[in-house]
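**Student:**
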Amino acid sequence: MNLKLFGTNGIRGIPNEDLTTDFSMNVGKAISTFFYTEKIAIARDTRISGDMILTSVVSGVNSTGTDMVYLGILPTPALQYYCKIHKIPGIMITASHNPPQYNGIKAIDEDGTEIDEEKEAKIEDIIFNKKFRTVPWEIVGQFYEDNTAVNLYVNNILKRIDYKKIQDKKLKVAIDTGNGASYFTSPLLLSRLNCRIVTLNANPDGKFSSRNSEPKPENLGDLINLMRSGNFDIGVAHDGDADRCVFIDENGDYIDGDKSLALIAKYTINENDTVVTPISSSDALNDICLEKEAKLVITRVGAPIVARAMIENHATIGGEENGGVIYGKHQYCRDGAMTMGLMLNLLSRENKKLSELLGEIPDYKMVKTSVKRNKEWAEIKDIITDKFGKNKMNFLDGIKIYEDGGWVLIRPSGTEKIIRIFSESKNQEIAEELNKKYYNFLNNL
Ligand code: MG
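Heads up: the sequence shown at position 422 corresponds to 426 in the working numbering, and the numbers run straight through without jumps.
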C-alpha cells in the first residue's frame with residue numbers, strides 16, 4: 005500500500021496480503037483516536053474475510069477506550085443511516101463491488117456521510133506516525149451488538165415514499181442481491197411494500213459464487229433471463245454493499261444508470277429544486293432539470309463530492325451514472341434500497357410500463373472507452389488543449405470538450421494508469437466517432 009491509504013472509496017486491499025490483521029487493527033485505532041468519542045458503530049458486508057477484518061478493527065477501537073457497536077451484515081447506507089440518527093461515527097467493512105478476494109475499511113462521519121479528504125489525511129497521519137491513543141486497562145472499550153439498524157433503515161425508506169399506493173399495486177419484482185449485504189434488507193423492504201417477489205442470489209455468500217458483484221449487464225444474465233421468461237413489472241440488482249441499484253425493464257432490457265437517475269429525478273423533483281451530478285453524467289438529466297425548472301449543479305466525479313455539494317445546495321436528488329442515487333430527504337449518501345423505493349414509487353403512481361416511462365426520457369447515447377496513460381496527465385492536458393483549443397472546453401475534472409452534436413470527457417483514472425474517454429451524443433454514430441477520434445489521438449501520443 006502507498007502512503008495514501010484512502011482511495012475514492014475507503015481503504016481497499018487483499019486480506020493477509022496488504023490488508024493484514026495488524027494493519028486493520030491500526031486503522032481501527034487511528035479512526036477512534038481521530039474521533040475521540042464514546043462509541044463507534046460497525047457493520048460488514050458478506051465477504052468471507054469480513055469477520056477477520058472486523059474483529060481486528062474492533063480490537064483497535066476498544067484499545068483506545070471507545071465502545072464498538074456491532075450492527076451485523078448490512079448495506080453500507082444502512083450503517084450510514086444508523087450513524088446519522090445516533091450521531092456517532094461508523095466503520096464499514098466492505099470492498100463494495102470488487103472481486104471477493106478484496107476487502108476494505110470505510111470511515112463514516114457522525115452525520116452519516118463518508119469522511120472527507122481532510123479527515124482521511126488526519127487518520128493516515130495517525131497511522132503512519134503511530135499517534136494512537138491508549139488508555140489504562142480499566143477503561144478499555146466494550147463490544148456489544150445492536151439489532152435495531154435494519155428496521156430503523158427500512159422504516160425510514162417507507163416514510164419517504166407513498167408506500168400505501170405501492171402496496172395497492174402488488175408489483176411483481178425480481179431482485180438479484182448478488183449474495184451481498186442487501187440479501188435481507190431489500191427483500192424485506194419489498195415484502196413490506198406488498199410486492200410479489202422472486203429473489204436471486206439472496207443467500208449471503210462471501211465468495212460471490214453466483215455472479216460478479218458489480219451490477220453491470222454482463223453480470224446480470226440470470227436476472228435478465230428471468231425477466232424475459234416471467235411476467236415481472238421490474239427487475240432490481242445491487243452491488244456487494246448495496247449503495248448502488250440498477251434496474252431491468254419488464255422486457256428484460258438493462259437500464260443505464262444515467263437513464264434511471266433521469267427518470268427518478270423527473271418524478272421526484274419539483275420546480276426550483278436542486279439536483280447535483282458529476283460532469284461525466286448524461287445531458288438527459290440537464291434536459292429533465294430544464295423541463296422541471298430545477299437547478300442543476302455540476303461537480304467533479306465521485307459520490308462523496310456529489311453528496312457534499314448536495315448538502316451545500318440543499319439538493320433533493322443527486323447521483324452518478326453507475327446507479328448510485330442520493331436522496332437528500334433520506335440521507336446524503338448513495339443508497340440502493342432508497343433508489344429502489346423511489347423507482348417503485350413512480351412506477352405505482354404513473355399507470356405505465358417501465359419501458360414506456362423510459363421512452364419519455366431524452367435519449368442520449370454514451371460511449372465509454374479507456375486508453376493506457378504513458379505520460380503525466382499535466383502534459384497530456386497541455387497537448388489536448390493546444391490541439392483542440394478552438395473547441396469550448398471545461399476543466400472542472402479532466403477535460404470536457406464540446407463538439408458539434410456532442411461532447412467528450414477525458415479524465416485520468418484515480419486508481420489505474422489509464423485515461424477514460426466518455427463521449428455522448430443524441431446520435432449513436434456521432435458518439436462513436438467522437439470517442440474514436442480522441443481514443444486514436446491519445447493512443448498515438
Ligand atoms: Mg458499493
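Yeah, the Cβ is synthetic: ideal placement off N, Cα and C, and Gly gets one too. As the structure is a computational prediction, the values presented were derived from the model and not from experiment.
Assess, as a yes-or-no matter, whether the segment 53-73 is touched by the segment 224-233 under the definition of 3 or more beta carbon pairs within less than 8 Å.
**Tutor:** Judged by Cβ distances under 8 Å, the segment 224-233 makes no contact with the segment 53-73, as fewer than three pairs qualify.
**Student:** At which residues does the alpha helix (DSSP H) containing Gln90 begin and terminate?
**Tutor:** Along the sequence shown, read from residue 1 onward, the residue named residue 90 stands at position 86. The amino acid occupying residue 90 in the given sequence is His; Gln does not appear at that position. That run of the alpha helix (DSSP H) goes Thr80 to His90.
**Student:** Mind listing, in chain order, the continuous alpha helix (DSSP H) runs of no fewer than 4 residues lying wholly within the segment 91-158?
**Tutor:** Entirely contained in the segment 91-158, the alpha helix (DSSP H) runs reaching 4 residues are, in chain order, 121-132.
**Student:** Grab the span of the alpha helix (DSSP H) containing Glu407 for me, first residue to last.
**Tutor:** Counting from one through the sequence shown, the residue named residue 407 turns up at place 403. It is not in any alpha helix (DSSP H) - Glu407 instead sits in the beta strand (DSSP E) that spans Ile403 to Glu407.
**Student:** Is Asn183 near ligand 1, going by C-beta to nearest heavy atom under 8 Å?
**Tutor:** Taking the first residue of the sequence shown as 1, we reach residue 183 at position 179. It does not: the Cβ of Asn183 is nowhere closer than 8 Å to a heavy atom of ligand 1.
**Student:** Given 8 Å as the limit, tell me if Ala435 has its C-beta closer than that to any heavy atom belonging to ligand 1.
**Tutor:** As a working note, residue 435 is residue 431 in the sequence shown. Ala435 Cβ: outside cutoff for every heavy atom of ligand 1.
**Student:** What's the call for His318, buried or exposed, on a 16-neighbour Cβ count within 10 Å?
**Tutor:** Numbered from its first residue, the sequence shown carries residue 318 at position 314. Flag for His318 reads exposed.
**Student:** Using a strict less-than 5 Å threshold between each residue's beta carbon and the heavy atoms of ligand 1, what residues do you get?
**Tutor:** The filter returns Ser100, Asp243, Asp245 and Asp247, in chain order.
**Student:** Applying the 10 Å Cβ sphere with the 16-neighbour rule, what's the burial state of Pro104?
**Tutor:** As a working note, residue 104 is residue 100 in the sequence shown. Burial call: buried.
**Student:** Closest to Pro366 by CA distance: which of Asp386, Pro140 and Leu289 is it?
**Tutor:** Translated into the one-based positions of the sequence shown, residue 366 becomes position 362. For the residues Asp386, Pro140 and Leu289, the minimum Cα distance to Pro366 belongs to Leu289.
**Student:** How is Lys263 classed by DSSP in three states: helix, strand or coil?
**Tutor:** As a first step, residue 263 must be located in the sequence shown, where it is residue number 259. Helix.
**Student:** Between Val310 and Gly322, what straight-line distance do the alpha-carbon atoms span, to the nearest angstrom?
**Tutor:** In the sequence shown, the residue the question calls residue 310 occupies position 306. In the sequence shown, the residue the question calls residue 322 occupies position 318. Val310 and Gly322: Cα-Cα distance of roughly 7 Å.
**Student:** Between the alpha carbons of Met347 and Val61, how many angstroms are there, rounded?
**Tutor:** Position 343 of the sequence shown holds residue 347. Position 57 of the sequence shown holds residue 61. Going by the C-alpha atoms only, they are around 36 Å apart.
**Student:** With Glu316 as the anchor, note down where its alpha helix (DSSP H) starts and where it stops.
**Tutor:** Here residue 316 is taken as the residue at index 312 of the sequence shown, counted from 1. It spans Ala307 to Asn317 - the alpha helix (DSSP H) in which Glu316 sits, taken as one unbroken run.
**Student:** List the endpoints of the continuous beta strand (DSSP E) containing Pro4.
**Tutor:** Missing from the structure shown is residue 4; the chain here goes from 5 to 449 and no further.
**Student:** Let me make sure I understand the geometry here. Which of Glu316, Gly54, Ser285 and Leu361 has the alpha-carbon closest to that of Lys372?
**Tutor:** Indexing the sequence shown from 1 puts residue 372 at position 368. The residue with the shortest Cα to Cα distance from Lys372 is Ser285.
**Student:** Are the segment 182-193 and the segment 335-344 touching, with three or more C-beta to C-beta distances below 8 Å?
**Tutor:** Yes, they touch.
**Student:** Go ahead and label Ser213 buried or exposed: buried means 16 or more other beta carbons lie within 10 angstroms of its beta carbon, across all protein chains shown.
**Tutor:** Start at 1 with the first residue of the sequence shown, and residue 213 comes out as number 209. Classification for Ser213: exposed.
**Student:** Run the CB neighbour count on Asn447, radius 10 Å, all protein chains shown included, and call it buried at 16 or more, exposed below.
**Tutor:** Taking the first residue of the sequence shown as position 1, residue 447 is located at position 443. Flag for Asn447 reads exposed.
**Student:** If we call anything under 9 Å between Cβ atoms a contact, is Arg215 one with Gly182?
**Tutor:** Against the sequence shown, residue 215 aligns to sequence position 211. Against the sequence shown, residue 182 aligns to sequence position 178. Taking 9 Å as the Cβ cut-off, Arg215 and Gly182 qualify as a contacting pair.
**Student:** Helix or strand or just coil, what does DSSP make of Tyr258?
**Tutor:** Working through the sequence shown from its first residue, we reach residue 258 at position 254. Looking at Tyr258 - three-state DSSP - the assignment turns out to be strand.
**Student:** With contact counted as at least three CB pairs below 8 Å, one residue from each stretch, are the segment 74-94 and the segment 43-51 in contact?
**Tutor:** Touching, yes, given that three or more Cβ pairs across the two stretches are closer than 8 Å.
**Student:** Grab me the residues of Met5's own chain with a C-beta within less than 6 Å of its C-beta, minus the 5 sequence neighbours each way, in chain order.
**Tutor:** Mapped onto the sequence shown, residue 5 falls at position 1. For Met5, the predicted structure reports a pLDDT of 43, less than 50, and the residue's modelled location is therefore unreliable. The matter cannot be settled from this model.
**Student:** Any contact of the segment 218-231 with the segment 298-309, i.e. 3+ C-beta pairs under 8 Å?
**Tutor:** No, they do not touch.
**Student:** Strictly by DSSP, which residues pair up with Arg232?
**Tutor:** The count along the sequence shown starts at 1 and reaches residue 232 at position 228. None; Arg232 has no bridge partner.
**Student:** Would you mind sorting Gly239 into buried or exposed? The rule is 16 or more other CB atoms within 10 Å of its CB.
**Tutor:** Sequence index remark: in the sequence shown, residue 239 carries index 235 (1-based). Looking at its Cβ environment, which holds 16 or more other Cβ atoms inside 10 Å, Gly239 is buried.
**Student:** Roughly how many angstroms separate the alpha carbons of Gln524 and Glu124, rounded to a whole number?
**Tutor:** Since the first residue of the chain shown is 5 and the last is 449, residue 524 is not available in this structure.
**Student:** Count the C-beta pairs between the segment 406-414 and the segment 430-445 that are closer than 8 Å, then say yes if the count reaches three, no if not.
**Tutor:** Taking 8 Å as the limit for Cβ pairs, the verdict is that the segment 430-445 does touch the segment 406-414.
**Student:** If I measure Cβ to Cβ from Ile302 and keep anything under 6 Å in the same chain, skipping five residues before and after, which residues do I get?
**Tutor:** Locating residue 302 in the sequence shown gives position 298, counting from the first residue. Correct list, in chain order: Ile283.
**Student:** Whose C-beta lies closer than 7 Å to the C-beta of Ile434 among residues of the same chain, with five residues either side of it excluded?
**Tutor:** Translated into positions along the sequence shown, residue 434 becomes position 430. So the qualifying residues of the chain are Gly409 and Gly410.
**Student:** Throw me the rounded Cβ distance for the Arg353 and Ile422 pair, which I believe falls under 8 Å.
**Tutor:** By one-based count along the sequence shown, residue 353 stands at place 349. By one-based count along the sequence shown, residue 422 stands at place 418. Incorrect: roughly 42 Å between the Cβ atoms, too far for contact.
**Student:** With distances taken from CA atoms, which of Leu265, Glu42, Lys126 and Asp129 is nearest Pro93?
**Tutor:** For the purposes of this step, residue 93 is taken as the residue at position 89 of the sequence shown. For Pro93, the nearest C-alpha among the options comes from Glu42.
**Student:** Opposite Gly323 in the DSSP bridges: which residues?
**Tutor:** On the sequence shown, residue 323 is found 319 positions in, with the first residue counted as 1. DSSP output for Gly323 lists Val329 as bridge partner(s).
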